[in-house]
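Notes follow once the structure below has been shown.
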Amino acid sequence: EKSFSDFLVASKTQHEALRGELVNTSKSIISSLETQKSYAEKVVGIISTEAVAHGYGKTANEERAAAKGWRIVAVAALIVWILAGLVFFGLTYDKDLSLSALARQFLISTPFVLLAGFAALQVSKHQRAERINRQQELEIAAIDPYLATFDDDTRNEVKRTLADKLFGQREIEPAKGDSRHMLDTMTDTLKTVKQ
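Going left to right, the sequence shown walks through residues 211 to 405 as the numbering used here numbers them.
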């Protein structure tokens, strides 16, 4: 009975020692996992920030390519308009100027002028979209280096404000002046054609 009692006490002591060691080991592992989790969250945050900035950059590049395409269309339409005017001038140089010849020239030239005006408007639209996306890309890419010197509370507040600005916003409505700008462009073009 004494031997069993001693064995029981020794077992309890050994059990408590093992239990204490297990608790200390698990606390150490949990602390290490928390540190790794914090590090992983920072890495994921950096990666997601870079991904968002890259997305804005990609959209800005697409807008630049679209603007370039429309610029080529505008220049080609103007060149065709000029060539059509020169050909018509060459064909009618030695003839008297008549209202029917002028109307014919106007009808031939108008589609090219309208196409050039529309293409110029599209170039302007795509360039504006590129500027907006490029600005967003630069702001997102620069925010972390800028906030590196701030404390955590200030950093989180600034990021929250930036997130409210960037996410959940509706697509930018076209400026009210766009239609007026197009009308002015068309009016100027028609004045040029008349002259």
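Ideal placement from N, C-alpha and C gives every residue a C-beta, glycine not left out.
The structure displayed is predicted, hence computed values, not measured ones.
Any C-beta of chain B under 9 Å from that of residue i
i	result
Ala250	Here chain B cannot be found, since the structure has a single protein chain.
Exposed unless 16 or more other CB atoms sit within 10 angstroms - verdict on residue i
i	result
Ser215	exposed
Ala227	exposed
Ala358	exposed
Asn366	exposed
Ala270	buried
Phe322	buried
Ser238	exposed
Val254	exposed
Glu251	exposed
Glu211	exposed
His225	exposed
Gly177	As shown, the chain starts at 211 and ends at 405. That puts residue 177 outside it, with no answer to give.
Gly300	exposed
Ser241	exposed
Alpha-carbon spacing of residue i relative to residue j, whole angstroms
i	j	result
Ala311	Lys278	36 Å
Lys247	Ser236	16 Å
Glu273	Ala294	31 Å
Phe360	Val368	10 Å
Glu376	Leu309	The amino acid occupying residue 376 in the given sequence is Leu; Glu does not appear at that position. Cα-Cα distance, rounded: 58 Å.
Ala329	Ile282	9 Å
Ala373	Arg344	17 Å
Thr364	Pro355	14 Å
Under 9 Å between C-beta atoms of residue i and residue j
i	j	result
Leu325	Ala284	yes
Glu347	Tyr266	yes
Ala263	Ala351	yes
Ile353	Thr259	yes
Ala276	Gln332	yes
Trp291	His336	no
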